[in-house]
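Asks: First the structure, then my questions, so here it is.
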Amino acid sequence: MIPQIEFVRPKTLHDALSILAESGDGARVIAGGTDVIPGFQQGDLRLKSARTLVDIHHLPELKNVETRDGGLAIGAGITFTDLAKHPIIAAEYPLLKQAALTVGNVQIRNRATLAGNFVNNAACADSVPPLLVYNAVLRIQSHTSVRETPLSDFLLSPNQVQLNAGELVTNIFLPKLSASHSGEFYKLGRRRGTAISRITLAVLLKVTENRIEDLRIASGAVTPIGMRFIDLEKVALGKTIDKSFLKSLANELGEHVLSKTGIRWSTPYKLPVLQQMFFQLLCRVRGCSGEAIR
Amino acid sequence: MTVNFVLNGKAVSLVIAANRRLIDMLRDSLGLTGTKEGCGIGECGACTVLMNGEAVNSCLILAGQVEGAEIVTIEAIAKHGTLHPVQENFLQYGAVQCGFCTPGMVLSTYALLQTNPQPSEHEIAAAISGNLCRCTGYKQILEAVQKTVEEMNSAPSEHGRS
Ligand SMILES: Cc1cc2nc3c(=O)[nH]c(=O)nc-3n(C[C@H](O)[C@H](O)[C@H](O)COP(=O)(O)OP(=O)(O)OC[C@H]3O[C@@H](n4cnc5c(N)ncnc54)[C@H](O)[C@@H]3O)c2cc1C
Ligand code: FES
Ligand code: FES
């Protein structure tokens, strides 16, 4: 049951920020509501103290997509449906489009927003691995301040992010990428329709004359929160890219994930799948056939 | 709180508590019980309606979020007492058994056909992947939609505006 609650629908972003500033601890933001409403229905403790819901779903300031400094600034309130339809996102940041199309189903994507996806820092948030490999930077505004924070710093620990009362994520900036970067995104769920992710992985690679010039790897669901593997990425720099190196990298990725999660009941199943997925994604990016690791 | 919106082509103004949802306005305040509530948490699609032309779960939308929107429910899909071809074919091909999922299925299909009049089988399956059916096994539903697509594309003048 949704509790007795006050609902406000500010006309502008400016009004939304001043309402949030005034209403203090009892205020909660609602965008697409696809996490908030089920949260109320299922007694989510984080909503216990909610007194006022501030609706931001309709605010035009949060829907804009515009090029900036060679990169792309995406309004935080864009729905996954609109995100997947956007021609620049499809052309320049295709992993984000791929991830958008795996979120829920049509009805969910028509409402669910990009910022709403990662603000709760759920490990299974599908937009996070692509945003991490694209080095996304968030613009965060309150009534009196504006700051910019990389998504990788914003995501602290499960359900914890760097967001203060009164603040809204207003846009997500993806820096420009070289034309020779290419990548892949993969999501494994329990079934092909609407499914919560068990494993997500995004890789982005730039190779010059057979040497790795840039490699970015991010996982979701299989790790406690979506994260980059910076140590592993560094190991790869300058290395000649061939199958035996990719295999050793895949094995090492397994070790890194294990060190983050510890052994769980699902480890014997998930770890080999993750390693295999990683190897095949990199093979696919390189255009070589993705045979089995072993 | 007062909410103003357009429902099935008519302007509506409703005084309602802020914790009520779109589905509550439809079923309880306005007596339109064609829209069904299954899970109440976005999982089943039984409550699907169109909001500004897009399929949405009416159990996940608060009353206040409907302000200014155009809502279409299953009650407006048949025109002048004649079923829409999608509805006709659902009946014809055994895609309706208990019928609980049917209004949602029809609206998801209808929304798909508005933007994509010639969907592939894969596109049809994707469009209804948010609608669960416990009875049919989906085969009959896919068949009914495919049949509708064939008919509508061979006789565009008849159902073109639908
Ligand atoms: C049936 C179903 C299937 C789903 N499948 C998937 C899936 O496959 N993959 C996946 O990743 N997720 C999935 N989800 C989860 C959900 O749809 C997404 O996380 C969605 O992106 C949330 O966005 P929203 O706009 O609906 O958020 P809301 O529910 O409106 O808000 C979520 C949280 O974010 C806060 N918030 C929203 N916008 C802002 C902002 N701009 N600034 C600051 N805080 C903000 C809210 O206060 C709230 O705490 C599913 C949900 C359902 C119900
Ligand atoms: S009742 Fe709305 S999705 Fe199940
Ligand atoms: S006909 Fe019974 S749920 Fe679909």
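Chains as they are written, first to last, in our numbering: chain V, 1 to 294; chain Z, 1 to 162. Note that CB positions come from ideal geometry on N, CA and C, so glycine has one too.
Got a sec? Which residues, its chain only, sit under 8 Å from Val103 of chain V by beta carbon, not counting five neighbours each side?
Replies: Closer than 8 Å at the Cβ level, and outside the excluded window around Val103 of chain V, lie Phe80, Arg109, Ala112, Asn117, Asp126 and Ser127.
Asks: Going by C-alpha to C-alpha distance, which of V:Gln41, V:Lys63, V:His14 and V:Ser18 sits closest to Ala31 of chain V?
Replies: Comparing Cα-Cα distances from Ala31 of chain V to each of V:Gln41, V:Lys63, V:His14 and V:Ser18, the minimum goes to V:Lys63.
Asks: Please state if the CB of Arg20 of chain Z and the CB of Cys59 of chain Z are separated by a distance shorter than 7 Å.
Replies: The answer is no: Cβ separation not under 7 Å.
Asks: So, does the segment 49-60 of chain V touch the segment 16-30 of chain V, judging by three or more C-beta pairs under 8 Å?
Replies: Flag = yes, the segment 49-60 of chain V and the segment 16-30 of chain V touch.
Asks: For the segment 102-124 of chain V, list every residue whose C-beta sits within 8 Å of some C-beta in chain Z, in sequence order.
Replies: For the segment 102-124 of chain V, which is checked against every Cβ of chain Z, the residues closer than 8 Å are Gly104, Asn105, Val106, Gln107, Ile108, Asn110 and Arg111.
Asks: What does the alpha-carbon distance come out to for the pair Gln244 of chain Z and Glu121 of chain Z?
Replies: Nothing can be reported for residue 244 of chain Z: it is not among the residues displayed for chain Z, which extend from 1 to 162.
Asks: Consult DSSP for Val56 of chain Z and reduce its assignment to one of helix, strand or coil.
Replies: Reduced to three states, the DSSP call for Val56 of chain Z is strand.
Asks: Can you list, in chain order, the residues of the segment 5-24 of chain V whose Cβ is nearer than 9 Å to any Cβ on chain Z?
Replies: Residues passing the 9 Å Cβ filter: Ile5, Glu6, Phe7, Val8 and Arg9.
Asks: Helix, strand or coil for Val96 of chain Z, going by three-state DSSP, please let me know.
Replies: Looking at Val96 of chain Z - three-state DSSP - the assignment turns out to be coil, as it is neither helix nor strand.
Asks: How would you label Gly186 of chain Z, buried or exposed, when you count the other beta carbons within 10 angstroms and need 16 or more for buried?
Replies: The requested residue 186 of chain Z does not occur in the structure, where chain Z is confined to residues 1 to 162.
Asks: Determine whether the Cβ of Gln98 of chain V lies closer than 7 Å to any Cβ atom of chain Z.
Replies: Cβ-Cβ to chain Z under 7 Å: no for Gln98 of chain V.
Asks: Using a C-beta to C-beta distance shorter than 9 Å, which residues of chain Z count as neighbours of Gln276 of chain V?
Replies: Here the premise fails: no neighbours, minimum Cβ distance about 25 Å.
Asks: Please indicate yes or no: does the CB of Cys59 of chain Z lie closer than 6 Å to some heavy atom of ligand 2?
Replies: Yes, the Cβ of Cys59 of chain Z comes within 6 Å of a heavy atom of ligand 2.
Asks: Taking the C-alpha atoms as reference points, what is the distance between Lys11 of chain V and Pro60 of chain V?
Replies: Going by the C-alpha atoms only, they are around 9 Å apart.
Asks: Using 8 Å for Cβ pairs, my map puts Asn131 of chain Z next to Ser108 of chain Z. What's the rounded Cβ distance?
Replies: 5 Å between Cβ atoms; contact.
Asks: Within 6 Å: the Cβ of Arg284 of chain V and any heavy atom of ligand 1?
Replies: Because no heavy atom of ligand 1 lies under 6 Å away, the Cβ of Arg284 of chain V does not count as near it: no.
Asks: Should Phe173 of chain V and Val207 of chain V be called a contact, given that it needs their Cβ atoms to be closer than 7 Å?
Replies: Taking 7 Å as the Cβ cut-off, Phe173 of chain V and Val207 of chain V do not qualify as a contacting pair.
Asks: Let me know the secondary structure DSSP gives Gln160 of chain V once reduced to three states.
Replies: Looking at Gln160 of chain V - three-state DSSP - the assignment turns out to be strand.
Asks: Beta carbon of Thr148 of chain Z, beta carbon of Val86 of chain Z: below 7 Å?
Replies: Result yes, Cβ atoms of Thr148 of chain Z and Val86 of chain Z sit closer than 7 Å.
Asks: Quick one: is the Cβ of Asn117 of chain V within less than 6 Å of any heavy atom of ligand 1?
Replies: Within the cutoff, so yes.
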